[in-house]
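Chemist: Each residue of the sequence shown is one higher than the last, beginning at 3 in this note's numbering.
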Amino acid sequence: MNATTPARTGARITVPVALEGRGYDIHIGRHQLCEAAALIASLAPGARAAIVTDESVAALHGAAFETCLAQEGIAATRITIPPGEASKSYARFVALCDALLAAKIERNDLVIAFGGGVVGDLTGFAAAVLRRGVRFVQVPTTLLAQVDSSVGGKTGINSPHGKNLIGAFHQPAMVIADTALLDTLSEREFKAGYAEVVKYGLIDDPGFFDWCETNWSRVIAGGPERDHAVAVACRAKAAIVARDEREEGDRALLNLGHTFAHALERLTHYDSSRLVHGEAVAIGLALAFRFSQRLELCPGQDAVRVARHLDHVGLPSRLQQVPGGAGSAEEILAAMAQDKKVKRGALTFILARGIGKSFIAPGVAAEEVRSFLEAELAANGAAH
């Protein structure tokens, strides 16, 4: 991974995901909706299509995208779901599969996920099982989805037992990231997505973290720095996915901060009014570095630097910042026990020896985690 911009074709940056027999491209640039429609038409000439989106995205961008598709001769059926993490449910999954069958989507047709991470995860899972697998295209509309969830083929829904515990690996046929769509995001949603951007610097690219410290406000403002940040993140993820598609090795590094984050999301009942995924990840990143410091793996100044950057951006970095409380140390630990990275009951964390020096740490003792969480909850004189 490095902070150089991937190859650019005209105004569009193209990042390949090199998977043998299932490779695809990520196309990144501003005002790409009609270009997206042309690319989709070339992918499947004459195919039937269904657009899965949520009510918020449909109101903002649905008509424009459908007009672009119509200009390419694609008359797509629109299927709309409620926004928010609650839509990643058994009930919504069943309803979506039935709606796609009612739209007569066949094996050679296309399902288009037009929305954020919830839409992409739900739609990808439905595409994975519909008629035992149909093609789908990701057109992510949030920063978080553009740099993370739309790339790599992880699809799924949540269970009362935990986040993303039901799902499948199903690679998209194409990803089209129109960074102009991010202009309509709320400041909160954009900043939440930024946590997944800076994560790539913390994993193994300290130069990119340096760049983020200098340029984060320009990424938010929407200049060329935004396209650069999205492209660097996509290139980093594409390289890891190409090496380890099914998370049997170093793809687990992409979960930096996520063991803490998923536990916090479960404890807040996936209530986006309290905590959205990127905010949970921001807290998780800071916790991962402070936990690494506590275990004498990571220099204290690096842990401070990570938290300070998140604070400057306006992201939470402490458990005390979870609205309504994060729960007790025991409750957080219990929520972690259902994490997908648990193996034979032992917790696996992504820890760090410094910025850009993350590593997989299997078999972390629960008592070490409990003691750390208790100290975190007691910090600054606050309980939970």
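All C-beta atoms in this analysis are idealised placements derived from N, C-alpha and C, irrespective of residue type, glycine included.
Write down every uninterrupted run of the alpha helix (DSSP H) in the stretch 23-53 whose length is 4 residues or greater and which is fully enclosed by it, in chain order.
Modeler: Runs found: 35-45.
Chemist: First and last residue of the beta strand (DSSP E) that includes LEU353?
Modeler: That run of the beta strand (DSSP E) goes 349-354.
Chemist: So, is HIS260 buried or exposed, given that buried needs 16 or more other C-beta atoms within 10 angstroms?
Modeler: Result: buried.
Chemist: Taking only three categories from DSSP, how would you classify ASN110?
Modeler: Coil at ASN110, not helix or strand.
Chemist: Whose CA, out of ARG134, VAL136, VAL120 and ASP304, lies closest to the CA of PRO208?
Modeler: When only C-alpha atoms are compared, the closest one is ASP304.
Chemist: Could you check the C-alpha separation between ASP206 and LEU255 for me, to the nearest Å?
Modeler: Roughly 9 angstroms separates the two Cα atoms.
Chemist: Could you tell me if ALA128 is buried or exposed, where buried requires 16 or more neighbouring beta carbons within 10 angstroms of its beta carbon?
Modeler: Buried: at least 16 other Cβ atoms inside 10 Å.
Chemist: For a minimum of 4 consecutive residues, which ranges assigned as the alpha helix (DSSP H) are wholly contained in the stretch 294-381?
Modeler: Listed in chain order, they are 302-315, 331-338 and 368-380.
Chemist: Is the Cβ-Cβ distance between PHE1 and ALA77 less than 8 angstroms?
Modeler: Given a span of 3 to 386 for the chain in the structure shown, any question on residue 1 remains unanswerable.
Chemist: So for PRO142, helix, strand or coil by DSSP?
Modeler: Strand.
Chemist: Report the rounded CA-to-CA distance for PHE262 versus MET338, giving the unit in angstroms.
Modeler: Whole-angstrom Cα-Cα distance: 7 angstroms.
Chemist: Between HIS279 and ALA194, which are expected to be in contact by the criterion C-beta below 8 angstroms, what is the C-beta distance as a whole number of angstroms?
Modeler: Indeed, because the Cβ distance is near 7 angstroms, the residues count as touching under 8 angstroms.
Chemist: Here's the rule: buried if 16 or more other CB atoms are within 10 angstroms of the residue's CB, otherwise exposed. What is GLU281?
Modeler: Under this definition GLU281 is a buried residue.
Chemist: Would you kindly check if the distance between the Cβ of ILE15 and the Cβ of GLY31 is under 8 angstroms?
Modeler: Yes; because the gap between Cβ atoms is below 8 angstroms, this pair is in contact.
Chemist: Do you know whose CA, among GLU250, GLU22, PHE351 and THR270, lies nearest LEU297's CA?
Modeler: Comparing Cα-Cα distances from LEU297 to each of GLU250, GLU22, PHE351 and THR270, the minimum goes to PHE351.
Chemist: To the nearest angstrom, report how far apart ALA373 and LEU45 are at their CA atoms.
Modeler: Rather than Ala, the amino acid found at residue 373 in this sequence is Ser. Cα-Cα distance, rounded: 53 angstroms.
Chemist: On the CB-based measure, 16 or more other CB atoms within 10 Å of its CB, does TYR26 come out buried or exposed?
Modeler: So TYR26 ends up on the buried side.
Chemist: If you reduce the DSSP assignment to three classes, tell me which class ALA20 lands in.
Modeler: Coil at ALA20, not helix or strand.
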